[in-house]
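Take any residue in the sequence shown, note its place counting from 1, add 1416, and you have its number in the numbering used here.
Cβ atoms here follow ideal geometry from the backbone N, Cα and C, with glycine treated the same way.
Please read all numbers here as calculations on a predicted model, not as lab measurements.
Only one structure is covered here, and it is reproduced in the block below.
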Amino acid sequence: MTEDSEGLRETLVDMRRELDMLRIETTHAKLLLSALEAMLGANGDDDPFNGVFTALMQVFEYAHAIVLVEPGDGGEQLECIASSHQMAIGSLWPAGKLFRKALSGRIISTVPGVGADAWPAELAPEISCGQPALYFPLAVRGSRGLMILLRRLDQAGFDRSHVALARKFSLLASHAFAARQASLSKAESRRLKDLTEELEASQEALRFRANHDQLTGLPNRAYVRELVDQMIGRKQWSGAGCEADPGSGANQLALAFIDLDEFKRVNDMHGHVAGDVLLQEIARRVQAEIRRGDVFGRISGDEFVIVLDPAGEQSGVARIVERILERIRQPLSVEGAQIKPSASIGIAFYPEHGRDYETLRRHADLAMYQAKTSTKGRVSFFTRDLGREVDDRLVLEQRVKEAVAAGEFRCALQQKINIRTGCVVGFEALARWVDAAGVVYSPGHFLPTASRLGLLDEISALVMEDLLQNLPALDAGFGPAIRYSINVSPAQTTSVPFMQKLLRRLSESGRAGRFILELTEESFAATGPFQTHVLPALRNAGVAISIDDFGTGYSSLAKLAELTVDELKLDRSLVSSIHRRPRNQIVLRAVESLGAALNMSIVAEGIETDEENRYLLEQTCIAIGQGFLHHRPQLLADLLGR
Ligand code: C2E
Ligand code: CA
Ligand code: CA
C-alpha cells in the first residue's frame, strides 16, 4: 500500500518535472523564435541586438548586456558595439585571459566579487568586473566577439542551467552580430533560415507533446477541451442569432463519453503492459470507426471522448456508437492472455445539454454512468431527468456522508413475538437515520447510497453501539431471556475484518449468546473464509444464525438442508395474504416440515393483518411472528420511554 502510494508520488513528481521542463523549453523556443523573427524583420535602422537583448532578458534576468568584438585591424582592445547600457557603447576593453577564453568558444560564469581582466573604469559603478557575470562567444565569419551578461552585486549568480541555455542563445546572438555587421552572406542567411525552421519544428514537436497523450498519441484532456470549445465557438459565431432547430438534429454536436469496463481488473490481473496495449488497441479501433473531422481524445486512464461534428439525428449517432462498441468488444490476446474488452458510452448533445465542453462532458459522463449501472445496454443518452436524478443522488450522497461523520444513526427495535402466547421473545435491530432536524429515515432511503459509498460498516457500528449501550436498560425492561437480531449484509459477511470486529464487540458485551445474526441466502452461496472460519467462530461464541428473507433467494430446499442455521425468517412476500394463496401455502408447509426436521425455528415476517395471523395460528405450527400487526419498529429511546 505505502509502496504503491510512494511509487505513485514519484511518478507524479517525475511527470510534474517533465511538464515544467516542457513548459520552460517551449518558452525558450518561443523567445528564440521571436528574437529571430524580430531580427529578420528588422529594417536597416533598427539595431538587431535590441530584439536579442529583450529575448535574453526574460531568460537570464540580467542587469546589463555588453557585446564586445575583436577589432578588424588586429589591435589588442575589444570594442563594445552594443549594450543595454548606452554609456558602454564604443568603449574599449583590454583583451585579458578570460575574454580570450570566451572568444575561443567557452561559456564562463563568474561569481560575485571575482574580478577578471581590466574593465573600463569610466563605466563603474554600473558596470564593474566584480558583478556576477556570464560570458559567451559570438562567432561570425572572420570576426569574433563575446557577450557579457551582468547581474547586480545583490543578485544571485548564474547557475548551470544558465550556462546550458547560453549555448543556444550564443548562436542567436552570433546572428544578430552578423546582421549588425550588415554582412549577411547567402550561406549565413541560409543558416539563419535553417535555424528558424529547426526551431519551428522543435516548437511544433513540443506543442504536439504538450497536447497529446504519450501512450495513444490521441489529443489529451486539455487539448480535447480546447478543440471542442473552438468547435463550439465557431458554431456560435456562425449561428449567432439564428439558433439551430433543436429538433432538426442538423448542425449539432454530439459528445460521447467512453469508459472501459473493468479496466482496473485487466491492469491488476495481467499487468500494466497489458493495460497499455489494450488502451492502444482501443484507440486504434475507435479511430477506425470515426470520420476525419471528428475529435477523438483520451481524457484520463480508461476514459475517452469522441465529438461528432456534425452529429445528425440521434438515431444516427446511436448507430455509430453501437458500431464502435461492437468493434471494441472484439476479443484480443495480450501477453498471452485473452481479453474481452467492453465499454459503456454516454452521450450529450450541443446545444440542448450544454453550451461548453465541460458541461457536455459532465452530462455525457452521467449518461455513461447510467449506461454502466443499468441492465438495458451499454449506451445511454443524457436527459434532463437524468440530470435531476443525479443532482438528487449527489445531494443525498453528501448528506449521508455528513450524517455518518456526525454519527446520526440509531437503533430501532421491532418485537418478535410468540403469536400463540403473545409474549415478546426477541427484537430485531433496524438502522434508522435521525437527522439534525429530528426527521427519521428508514434504510430504504440511505442504505443503497451508504453501501455505494462504502459507509455501511460504519452505520452498522453506530447502530450496534446504540444497542449495546442500552442493553442493561433493555434487560431491566424486558428481561434477560430476550434475544436480539442483527442484520448483516452479504458484502459484510464476506469481509473478514468486519466480521472479526463484530464478533469481538459481541464477545466484549459478555452476552454473545443473546444475539442472532440475520444473513441472507446469498451469504451462504459463496465458499470462502466466511464458511470455513467466520461461521465456526460465531458458533463457538454462541451467536445464533438466522436466514433472512427466506423465499426470495435462489437456494432450494435441498440446499437449505446442508446449512446448519438456527432460524429461518420467511419473507413478507410469502406471508402476505397467505390465507388467500394456495401455492404459497404449499411452500409454507414444506418449509415448515423441513424446519422441524432440521431443528430450525421458523419466524413469519411482515404480518400485517388479522387474517394472515389467523391463518398462521390455525393452519400451521409456526410460533414466532413479526409484523406491523403486532409491533411497529420503535427507536430505542421511544421504546425505553426516554
Ligand atoms: P429486513 O431485514 O427484512 O427487515 C425487516 C423490514 O421489514 C424492516 O424494514 C421492517 O421495518 C419491515 N417490516 C416489519 N414488519 C413489517 C410489516 O408488517 N409490513 C411491512 N411492510 N414491513 C414490515 P426496514 O427497517 O425499513 O429495513 C429494511 C431493510 O434494511 C431490512 O430488511 C434489512 O435488510 C436492512 N437493514 C436494516 N437495518 C440494517 C442494519 O443495521 N444493517 C444491515 N446490514 N441492514 C439493515
Ligand atoms: Ca432482517
Ligand atoms: Ca427480512
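Close-in-space but distant-in-sequence residues of the same chain around residue i (CB under 7 Å, 5 per side omitted)
i        : result
Leu-1812 : Thr-1865
Gly-1663 : Annotation note: pLDDT 46 at Gly-1663 (below 50); position unreliable, no value reported.
Ala-1534 : Pro-1510, Gly-1512
Gly-1561 : Val-1483, Leu-1484, Val-1485, Glu-1486, Leu-1554, Phe-1593
Thr-1968 : Asp-1987, Ser-1989
Arg-1568 : Ala-1479, Gln-1547
Cβ of residue i within 7 Å of any chain B Cβ
i        : result
Phe-1765 : The structure shown contains no chain B; it holds only a single protein chain.
Per-residue burial, residue i [other beta carbons within 10 Å of its own, 16 or more giving buried]
i        : result
Ala-1504 : buried
Asn-1903 : buried
Ala-1580 : exposed
Gln-1493 : exposed
Val-1737 : buried
Val-1527 : exposed
Pro-1913 : exposed
Lys-1680 : exposed
Val-1855 : exposed
Pro-1541 : exposed
Gly-1657 : Legend: pLDDT at Gly-1657 = 44, less than 50; position of this residue unreliable, no value from coordinates given.
Gly-1460 : Confidence in Gly-1460 is poor, its pLDDT being 48 and thus under 50, which makes the residue's placement unreliable; the coordinate value appears in the next sentence. By the 10 Å Cβ count, Gly-1460 comes out exposed.
Phe-2044 : exposed
Thr-1936 : buried
Gln-1746 : exposed
Met-1417 : Residue confidence for Met-1417 is low, a pLDDT of 40 falling below 50, so the modelled location carries little weight and cannot support an answer.
Any non-hydrogen atom of ligand 5 closer than 6 Å to residue i Cβ
i        : result
Glu-2028 : Within the structure as shown, ligand 5 is missing, the only ligands being ligand 1, ligand 2 and ligand 3.
Cutoff 8 Å; reference residue i; Cβ partners in own chain excluding five residues on either side
i        : result
Met-1784 : Phe-1673, Ile-1674, Asp-1675, Ser-1760, Ile-1761, Gly-1762, Ser-1796
Ser-1992 : Gly-2022, Glu-2024, Glu-2028
Ile-1523 : Leu-1550, Tyr-1551, Phe-1552, Pro-1553, Val-1579, Ala-1582, Arg-1583, Ser-1586
Leu-1979 : Phe-1940, Ile-1963
Lys-1817 : Leu-1869, Leu-1871
Arg-1927 : Leu-1887
Span separating the alpha-carbon of residue i from that of residue j
i        : j        : result
Arg-1868 : Tyr-1478 : 59 Å
Gly-1401 : His-1628 : What is shown of the chain runs 1417 to 2058, which leaves residue 1401 out entirely.
Leu-1933 : Glu-1824 : 23 Å
Ile-1963 : Arg-1997 : 23 Å
Ser-1716 : Thr-1632 : 11 Å
Leu-1884 : Ser-1923 : 11 Å
Gln-1652 : Asp-1781 : 24 Å
Leu-1695 : Ser-2009 : 57 Å
Val-1959 : Phe-1946 : 14 Å
His-1501 : Glu-1613 : 32 Å
Glu-1538 : Gly-1649 : 60 Å
Phe-1931 : Leu-1919 : 10 Å
Gln-1630 : Asn-1636 : 9 Å
His-1686 : Leu-1810 : 34 Å
Val-2019 : Gln-1831 : 12 Å
Val-1688 : Ile-1497 : Residue 1688 is actually His in this sequence, not Val. Computed Cα separation, rounded: 60 Å.
Glu-1844 : Leu-1829 : 5 Å
Gly-1573 : Gln-1547 : 8 Å
Ala-1892 : Arg-1848 : 23 Å
Phe-1839 : Arg-1999 : As written in the sequence, residue 1839 is Cys, which differs from the Phe given in the question. About 30 Å.
Arg-1921 : Arg-1899 : 16 Å
Ala-1889 : Phe-1966 : 32 Å
Val-1850 : Val-2007 : 38 Å
Asp-1645 : Arg-1714 : 16 Å
His-1779 : Ala-1704 : 25 Å
Thr-1799 : Val-1806 : 11 Å
Beta-carbon proximity list for residue i, same chain, < 6 Å, skipping 5 on both sides
i        : result
Ala-1555 : Ser-1590
Val-1733 : Ala-1670, Ala-1727
Leu-1724 : Ala-1670, Asp-1710
Ser-1599 : Confidence is the limiting factor: at Ser-1599 the pLDDT is only 45, short of 50, which leaves the residue's position unreliable and the question unanswerable from this model.
Met-1915 : Val-1950
Leu-2055 : Leu-1829
His-1995 : Glu-2027, Tyr-2031
- Quick one: complete alpha helix (DSSP H) runs, 4+ long, within the region 1681–1714? Here the runs fully enclosed are 1688–1705.
- Item | Chain-ordered residues, beta carbon under 6 Å from a heavy atom of ligand 2 | Selection output, chain order preserved: Glu-1844, Asn-1903, Glu-1934, Asp-1964.
- Query: Could you give the uninterrupted runs of the beta strand (DSSP E) lying entirely in the region 1730–1780, keeping only those of 3 residues or more?
  - Reply: The qualifying runs are 1748–1750, 1753–1755, 1759–1766.
- Query: At what residue ranges does the region 1947–1971 contain a whole run of the alpha helix (DSSP H), taking only runs of 4 or more?
  - Reply: Within the region 1947–1971, the complete alpha helix (DSSP H) segments of 4 residues or longer fall at 1951–1956, listed in chain order.
- Message: For a minimum of 3 consecutive residues, which ranges assigned as the beta strand (DSSP E) are wholly contained in the region 1963–2037?
- Response: The qualifying runs are 1983–1986, 2017–2020.
- At 3 residues or longer, and completely inside the region 1522–1581: list those beta strand (DSSP E) runs for me, N to C. Listed in chain order, they are 1524–1526, 1549–1556, 1559–1566.
- Item | Any beta strand (DSSP E) of 3 or more consecutive residues that is wholly inside the region 1466–1502 | Along the length of the region 1466–1502, whole beta strand (DSSP E) runs at least 3 residues long occupy 1480–1485, 1493–1499, reported in chain order.
- Item | Minimum length 4: unbroken alpha helix (DSSP H) runs contained in the region 1828–1871 | Complete alpha helix (DSSP H) runs here, min 4: 1859–1868.
- Message: As an exercise, report each continuous alpha helix (DSSP H) stretch of at least 4 residues that is fully enclosed by the region 1786–1826, in chain order.
- Response: Qualifying alpha helix (DSSP H) stretches, in chain order: 1800–1821.
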